[in-house]
Amino acid sequence: MLVIDGKSLIAKEGDTILAVAKRAGIHIPTLCHQEWAEPQGGCRLCCVEITKKSWDGWCKVVTACNHPAQDGLIVYTHSERIITIRKNIVDLLLARCPESEVIQDLAKEYGILETTYKRRENPDNCILCGLCVQACEAMGVNAISMTDRGINKRVTTPYDKPNNVCVGCASCAKVCPTNNIPFTESNKTRKIWDQEFPMLRCTVCGRAHITQAQMEKLVADNVLPRDYFDKCEICHQKETVETFKKISF
Amino acid sequence: MKINSLADYNTWQQAILKDRPLDGKKVLICCETGCRAAGSLQVAEQLEKLIKENKIPVGVERVVKKTGCQGMCEKGPIVWIMPESIFYCSVKEQDVQEIFEKTILKGEIVERLLYKDIDSKCSCKHHLDIDFFKKQQLVILKKMGQMDPTDIQDYIRFGGYKTLVEVLTTQNPEYVMQQIEQSGLRGRGGGGFNVGRKWRSCKAVEGPRYVLCNGDEGDPGAFMDRSIMEGDPHAIIEGMVLGAFAVESNKGYLYVRHEYPLAIEHLTIAIKQAEECGFLGDNIAGTDFSFHLSINRGGGAFVCGESSALMRSIEGKVGEPRAKYIHSTEKGLFDKPTVLNNVETWANIPVILRDGAENFRKIGTVKSPGTKVFSLVGKVKNTGLIEVAMGTTLREIIYEIGGGIIDNRPFKAVQTGGPSGGCLPADKLDLPVDFDSLTEAGSMMGSGGMIVMDDRTCMIDVARYFINFLIQESCGKCTPCRDGLPQLLYLLDKIREGKAVMADLDKIEELSKVIENSALCALGKTAPNPISSTLRYFRDEYIQHIKEKKCVAGVCTALTSFNITDNCKGCTACSKICPVDAIQGEAKAKHQINQEICIRCGSCYNVCKFDAISITKRNEQC
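Chain order of the listed sequences is A and B. Just so you know, we're using this note's numbering here: the first sequence kicks off at -12 and counts up by one. Just so you know, we're using this note's numbering here: the second sequence kicks off at 324 and counts up by one.
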């Protein structure tokens, strides 16, 4: 049992503060958090204030995404201190990524139209949340990682060179909360991380649906059989629906 | 020699002592990093050669030893002749012959090599005539200058590993745990957490457990841990084995930064020797207890000194901190219960068990018992490694041990606790140095760096230096530290360049608070400390920079001009030292600084003996 913004809530084993708040419909902003990923506590946007009765009025700031929803916690998600922190973090992120629409929209929520800090020179939209790296790891590829540190930290392939382990799955690009990883796609190829990957086309609808390299990897890893990739996901789904129709009615 | 019992140990120790008594004649030459850089290895080699080659009066045994640090790094190479305790400093290769002929053969003193007392200018013949040593209380560093760190027999001679053998053969883990708890020892790495409590909470969790030593010292101007690792590696190993015995762990790691090659070398040798002698490895001292120790080299990231980053680094992952909502004593290295203490803390363990918790508590203060090693550096006459009882005042450290400020200039501030520490002003000089009083005063103990500053130090410049250091060392994982610190630097630079307005100062304070509250790890949370503490004690200086566009210390070049006053005697010292030839004038006549050429380095100010250079606002005449 814990209290978030005055509401008494029940927590399950292994719950974080964020998970409990979400279930109760209490909004805590996040950027680097995804259900599938290990919480990093990197962007610090989900900061909340916590206290306990026994703490004698003392509060501390923690990140809701990875703090366990312990019994007896009293959580404030929008206290004055938290709002100041969040405003400044959004402001710092806007100075870091002034052209990112996601960050701009977030900043507007906090009444910031223009950053009060110094804009980063040659900015991109990367907020270094590391979701792309985690996604790549989850795919079993590990083609990209963080390099350097501090303000110079960035996501890249080893030595900034095209990496032959990359299968061009574009998972990194798809999970990026600020759309910072560019890729282009035609019916024949996908271009990502300075490499061109030939695409396989669906034998039913003709859509280019997966890179040859990713298919090879999934087959080699015994995830799916080779002939599965003759059809795209959508056509597979359609086929399943048709099968169901035949079976049940 | 493999030790299997206390009797084995005693026999071996007596044999060593008979061969090489403690009060025997010997020449001790410091061969640690500082003295080594100044050429002590060559001095040692030459002296060894001379002693070997020449016929020495019968019955006199003379040994040249390569010892660990004796503390006075600035005056290295140090040659210390025992048992007379004659202390020579800044010894060069060409002095060796004279030392050999006069002091070693005839017992005469080479006057010019003696340490000169800074104020009285008298030569100090003996080690303990020197204020720097006289006022210290050596516990951890006691053996260091007298022992060859690569020779385990030397450590045994001073009673090393005796405590370990005694405890392991006659006591149980609970005894060690209780002794450490009763001693009240607090971690020397910075936070000052109670060591006994840490061990106890680790032991409460199901194993396997790990025991780690944090040797990733990286604070600018700090070299305490390096010196202990280089000079007394066996003390750390003994401490770790005792700690492992207490928490029932069988595996430990020493995390040492790669930039400390000599420390790694000496620790590697020490581990090998300890294993050979049965003080480490399987069945230590013939008991059932086994403990293995390996060295992990850090890649030189400051953040890897942070406990969770250090553990990730040992695991072979990127050395980044993780949120510590679960203590590492519960889930630490490889998610197993882990005890992590720093080098100096481990070196304290054998001392506590040897002397007993009660005796340990007699030194220092009630809440911070024991001694603390500091590296005393900056604008102080005697710099080096010092050890004092907790509770010693800053004044005693700076003025009695350190001998006061260079050129007797006014004291301005002392920075303690490393980059995340803070600066304390003159009215805090009588503050007793212990964990709580330093934190209360807005600084911290940190691992024991102490940088003394004189009136020629600009506090905004100091804050900028540390913030810049932290920007370089921030891991970049969390937004406030990664993106906030460069913004602080930018605002500080605005102040230094005279472009800031008062609103910038408000912004600095707001952002500092945000970083302090919201950063992920302790490094980030304490990163604004250089600003908060200088603002707390030197706010006027910030305001003066912003409103009056003036830097009283004459450091911020955009706000400073140097002018020559009527005090000038025309000694030409300033014109000779000026790196850009901006000073003109005839000898014995008043000189002039060409403001167009002057780069505001302040060399003239520092060299002038007649107080004839004045610091003014930019483009203002005195």
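Ideal Cβ placement from N, Cα and C applies to all residues, glycine included.
Cβ neighbours of residue i in the same chain (closer than 8 Å, five flanking residues each side left out)
i: Gly382(B); result: Residue placement at Gly382(B) is flagged as unreliable, the pLDDT there being 43, under the threshold of 50; the coordinate-derived value follows with that caveat. There are no such residues.
i: Met133(A); result: Leu115, Gly117, Val120, Lys140, Arg141 and Val142
i: Thr176(A); result: Glu183, Phe184, Pro185 and Met186
Any chain B beta carbon closer than 8 Å to residue i
i: Lys105(A); result: yes
i: Val49(A); result: yes
i: Ile234(A); result: no
i: Ile76(A); result: yes
i: Ala122(A); result: no
i: Leu80(A); result: yes
i: Arg194(A); result: no
i: Thr17(A); result: no
i: Arg177(A); result: no
i: Cys34(A); result: yes
i: Leu5(A); result: no
i: Leu115(A); result: yes
i: Arg188(A); result: no
i: Arg10(A); result: no
Spatial neighbours of residue i in its chain, beta-carbon cut-off 6 Å, leaving aside the 5 residues before and after
i: Gly59(A); result: Lys39
i: Phe933(B); result: Asn890 and Lys892
i: Ile900(B); result: Ser926 and Val930
i: Cys113(A); result: Asn167
Interface partners of residue i on chain A, CB under 8 Å
i: Pro660(B); result: Under the 8 Å cutoff, chain A gives no residues; its nearest Cβ is about 18 Å from Pro660(B).
i: Val824(B); result: What Val824(B) touches in chain A: nothing, since even the nearest Cβ is about 13 Å away.
Chain B contact residues for residue i, given Cβ-Cβ distances below 9 Å
i: Lys140(A); result: Ser797, Cys798, Gly799, Lys800 and Arg805
i: Pro145(A); result: Simply none; closest approach about 14 Å.
i: Asn112(A); result: In chain order: nothing, as chain B lies at least about 14 Å away.
i: Ile72(A); result: Pro803, Lys836, Val837, Asn840 and Ser841
Any C-beta of chain A under 8 Å from that of residue i
i: Ile721(B); result: no
i: Ile794(B); result: yes
i: Leu633(B); result: no
i: Val383(B); result: Any reading at Val383(B) must be qualified, since the residue scores a pLDDT of 48, below 50, and its modelled position is unreliable; the value itself is stated next. With 8 Å as the cut-off, Val383(B) does not count as an interface residue toward chain A.
i: Ala624(B); result: yes
i: Val564(B); result: no
i: Glu833(B); result: yes
Under 7 Å from the C-beta of residue i: neighbouring residues of chain A
i: Ala646(B); result: Gly28, Thr50 and Asn53
i: Tyr813(B); result: Lys105
i: Val462(B); result: What Val462(B) touches in chain A: nothing, since even the nearest Cβ is about 36 Å away.
i: Pro809(B); result: Ile138
Chain A residues whose Cβ lies nearer than 9 Å to that of residue i
i: Val641(B); result: Ser132 and Met133
Assigned secondary structure, residue i (DSSP; H/G/I helix, E/B strand, else coil)
i: Trp45(A); result: coil
i: Trp1026(B); result: As shown, chain B starts at 324 and ends at 945. That puts residue 1026(B) outside it, with no answer to give.
i: Glu25(A); result: coil
i: Met395(B); result: coil
i: Pro129(A); result: Here the sequence assigns Asn to residue 129(A), which means Pro is not the residue at that position. Correct three-state label for Asn129(A): coil.
i: Tyr438(B); result: strand
i: Ser743(B); result: coil
i: Thr334(B); result: helix
Beta-carbon contacts of residue i that lie in its chain and below 7 Å, excluding the five residues immediately before and after
i: Ser363(B); result: Ile352, Cys353, Cys354, Gly399 and Pro400
i: Glu384(B); result: Its pLDDT being 49, under 50, Glu384(B) is placed unreliably by the model, and nothing is read from it.
i: Glu497(B); result: none
i: His914(B); result: Ile887, Cys891, Gly893, Cys897, Ser898, Ile906, Gln907 and Gly908
Cross-chain neighbours of residue i in chain B, by beta carbon under 7 Å
i: Ile(-9)(A); result: Neighbours of Ile(-9)(A) on chain B: none; closest Cβ ~17 Å, over 7 Å.
Per-residue contacts from residue i into chain B (C-beta, under 8 Å)
i: Arg213(A); result: Ordered by position in chain B, no residue passes the 8 Å Cβ test against Arg213(A), which lies about 35 Å from the chain.
i: Arg68(A); result: Asn840
Continuous alpha helix (DSSP H) assignments of at least 4 residues falling wholly in the segment 648 to 730 of chain B = 666 to 678 and 680 to 684
ask   = Which residue spans inside the segment 73 to 124 of chain A form an unbroken alpha helix (DSSP H) run of at least 4?
value = Contiguous alpha helix (DSSP H) elements confined to the segment 73 to 124 of chain A occur at 88 to 96, taking only those with 4 or more residues.
message = I'd like the ranges of any beta strand (DSSP E) spanning at least 3 consecutive residues and lying wholly in the segment 759 to 804 of chain B.
response = Listed in chain order, the complete beta strand (DSSP E) runs (minimum 3 residues) inside the segment 759 to 804 of chain B are 772 to 777.
task = Only counting runs of 4 or more residues, tell me where the alpha helix (DSSP H) segments fall wholly within the segment 155 to 217 of chain A, in order along the chain.
result = 158 to 162 and 199 to 207
Those runs of the alpha helix (DSSP H) which lie wholly inside the segment 571 to 618 of chain B and span at least 4 residues = 584 to 599
ask   = Fully enclosed by the segment 910 to 944 of chain B, which alpha helix (DSSP H) runs are 4 residues long or longer?
value = For the segment 910 to 944 of chain B, whole alpha helix (DSSP H) runs of length 4 or above, ordered along the chain, are 926 to 930.
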